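Asks: Got a structure for you, written out below as structure tokens; questions coming shortly.
Residue numbers (my numbering): -1 to 98.
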């Protein structure tokens, strides 16, 4: 089964979300990422869901995320980040069930 990282982010201000999305569009998703979805949930908050084929790929993405968020640019933009992970139980794409 696929595994996912769900990351809740609170930015220091509303412009931080736009800055991050612009950066993410330019640099692309994590290696081996099969689905990446970012949703703005409030003026300064967003949640991401990133799906990976294996636990190893998910753990590698954790490492990359932690390295990126430790940089000065991210520290100046992010107020808080809460990552959680788990097994993907059901996936629908374009209204169709994806069987693994």
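We put the CB at the ideal spot given by N, CA and C, even for glycine.
Just so it is clear, the structure is predicted and the values come from calculations on it, not from any experiment.
So, are the CB atoms of residue 9 and residue 43 less than 9 Å apart?
Replies: In the chain shown, counting from the first residue as 1, residue 9 sits at position 11. In the chain shown, counting from the first residue as 1, residue 43 sits at position 45. In this structure, residue 43 lies closer than 9 Å to residue 9 by Cβ.
Asks: Closest to residue 7 by C-alpha separation, out of 93, 32, 88, 45, would be which residue?
Replies: As a working note, residue 7 is residue 9 in the chain shown. Nearest C-alpha to residue 7: 45.
Asks: Do you know offhand how far residue 87's Cα is from residue 56's?
Replies: Against the chain shown, residue 87 aligns to sequence position 89. Against the chain shown, residue 56 aligns to sequence position 58. One C-alpha to the other measures close to 16 Å.
Asks: Taking the alpha-carbon positions, what's the residue 23 to residue 83 distance?
Replies: Taking the chain shown and counting its residues from 1, one reaches residue 23 at position 25. Taking the chain shown and counting its residues from 1, one reaches residue 83 at position 85. Rounded to the nearest angstrom, the two C-alpha atoms are 23 Å apart.
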